[in-house]
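**Q**
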Amino acid sequence: MSGHSKWANIKRKKAKVDAVKGTVFSRLIKEVMAAAKQGGGNPDNNLRLRVAIAKAKENNVPQANIERAIRRATGQEAGVHYEEAVYEGYGPGGTALYMQILTDNRNRTAGEIRHLLSRHGGSLGESGCVAWMFEPRGQLTVARDAVPGLTEERVLDLAIEAGADDVRTEEDAYLVLTAPEALEGVRAAFEAARIPVAETEWVMWPKTTVTVEGEDARKLYTLLELLEDHDDVSRVFTNADFGEDFEPEEG
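First residue of the sequence shown? That's 1 in UniProt numbering, and the numbers climb one at a time after it.
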């Protein structure tokens, strides 16, 4: 799934730019709020909130901001009310798009996402139209240079022993895939081994991929960038395989 992973590589690089711009902070805070609203403000009893807090801390979100987000979500402090939604649709080349949304206005967001898709060779679909093409997974990102001499064999041995399902070797990182409920335990095993984890998250992983090339690949890449940049889109998942030769245009 190297071509699919190419988009993951691009997203990691883009996340670094977003972090500099500060845009990643608002998304992480919104995820903390959504998690707290769904399962309560005590992370000891809310796995999703624990994962959201861990990811926020990995990206240097101040503790005070995290605590304020939890208070707002649980009604202890006034603030904007956000709702969660999942939009599903199609991109160029017959690719599937699974979009996780956090918005304070569903109607506005639906219209804007529909417009983006239609302008760039895609379409918004009905609920459930592509969800079956993905499965929920836990994912840990470990930089290949996280510690001196770190090897794929070392990461794989540790991951499997801790209960992970698979390890994918990428250009600059190892992706450790787990069942959603095993994510925290695998992360704890890496921490115990003093191997830093760069990112902890739940993802929707494609069961199979669709190869996109040429103009379809360029159009899809542009569409994915625009969706990722939309204020109300928290995450986008695709089953696209861009192929090893695809290189995004610098812009």
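Built from N, CA and C at the ideal position, the CB exists for glycine as well. Note that the structure is predicted; figures quoted are calculated from it, not measured.
Using three-state DSSP, classify Gly93 as helix, strand or coil.
**A** In the structure shown, Gly93 sits in a helix (DSSP, three-state: H, G or I).
**Q** If the criterion is Cβ atoms closer than 9 Å, does the pair Lys55 and Glu201 meet it?
**A** Yes.
**Q** Indicate whether Val203 and Gln139 have their beta-carbon atoms separated by less than 9 Å.
**A** Yes, the pair counts as a contact, with Cβ atoms nearer than the cut-off.
**Q** Determine, using beta carbons only, whether Val32 and Ala52 come nearer to each other than 9 Å.
**A** Against a cut-off of 9 Å, the Cβ pair of Ala52 and Val32 comes out as a contact.
**Q** Is it true that the CB of Ala131 sits closer than 9 Å to the CB of Asn239?
**A** Contact flag unset, no.
**Q** Alpha helix (DSSP H) containing Glu201: first to last residue?
**A** No alpha helix (DSSP H) holds Glu201; the beta strand (DSSP E) holding it covers 199-206.
**Q** Within the UniProt domain "TACO1/YebC-like second and third" (82-240), note down every full beta strand (DSSP E) run reaching 3 residues or more, in order along the chain.
**A** DSSP runs (the beta strand (DSSP E)) wholly in the UniProt domain "TACO1/YebC-like second and third" (82-240): 83-91, 95-103, 134-143, 166-169, 173-178, 199-206, 233-238.
**Q** Would Gly39 pass as a contact of Arg71 if the rule is Cβ separation under 9 Å?
**A** Not a contact, by the Cβ cut-off of 9 Å.
**Q** Can you list the alpha helix (DSSP H) stretches of 4 or more residues lying completely in the stretch 44-83, in chain order?
**A** DSSP runs (the alpha helix (DSSP H)) wholly in the stretch 44-83: 47-58, 63-73.
**Q** Just the C-alpha distance for Tyr90 and Arg50, rounded to the nearest angstrom, thanks.
**A** Between Tyr90 and Arg50, the C-alpha separation is close to 32 Å.
**Q** Mark Val147 as exposed unless 16 or more other C-beta atoms lie within 10 angstroms of its C-beta, in which case mark it buried.
**A** So Val147 counts as exposed.
**Q** In angstroms, rounded to a whole number, what distance separates the CA positions of Ala193 and Leu175?
**A** Distance between the alpha carbons of Ala193 and Leu175 is about 17 Å.
**Q** Output the distance between the C-alpha atoms of Ile113 and Asn45, rounded to the nearest integer angstrom.
**A** Rounded to whole angstroms, Ile113 to Asn45 spans 34 Å at the Cα level.
**Q** Given a cut-off of 9 Å, decide if Gly128 and Glu83 are closer than it, judged by their beta-carbon atoms.
**A** Not a contact, by the Cβ cut-off of 9 Å.
**Q** Within the same chain, show all residues whose beta-carbon is closer than 6 Å to that of Ala34, passing over the 5 residues directly before and after it, in chain order.
**A** Taken in chain order, the residues that qualify are Glu84, Leu102.
**Q** Mind reading off the beta-carbon distance from Arg100 to Arg235? Whole number of angstroms is fine, and I expect it under 8 Å.
**A** According to the sequence shown, residue 100 is Gln rather than Arg. With a Cβ gap of about 5 Å, Gln100 and Arg235 count as contacting.
**Q** Kindly indicate which residue of Arg27, Val24, Pro136 has the alpha-carbon position closest to the one of Lys207.
**A** Of the listed residues, the one whose Cα sits closest to Lys207 is Pro136.
**Q** Is Ser2 helix, strand or coil when you go by DSSP?
**A** Any reading at Ser2 must be qualified, since the residue scores a pLDDT of 39, below 50, and its modelled position is unreliable; the value itself is stated next. Looking at Ser2 - three-state DSSP - the assignment turns out to be helix.
**Q** Starting from the C-beta of Ser2, find all residues in its chain whose C-beta is less than 7 Å away, skip the five residues before and the five after it, and write them out in chain order.
**A** In this predicted model, Ser2 has a pLDDT of only 39, less than 50, meaning its place in the structure is not dependable enough to derive any value.
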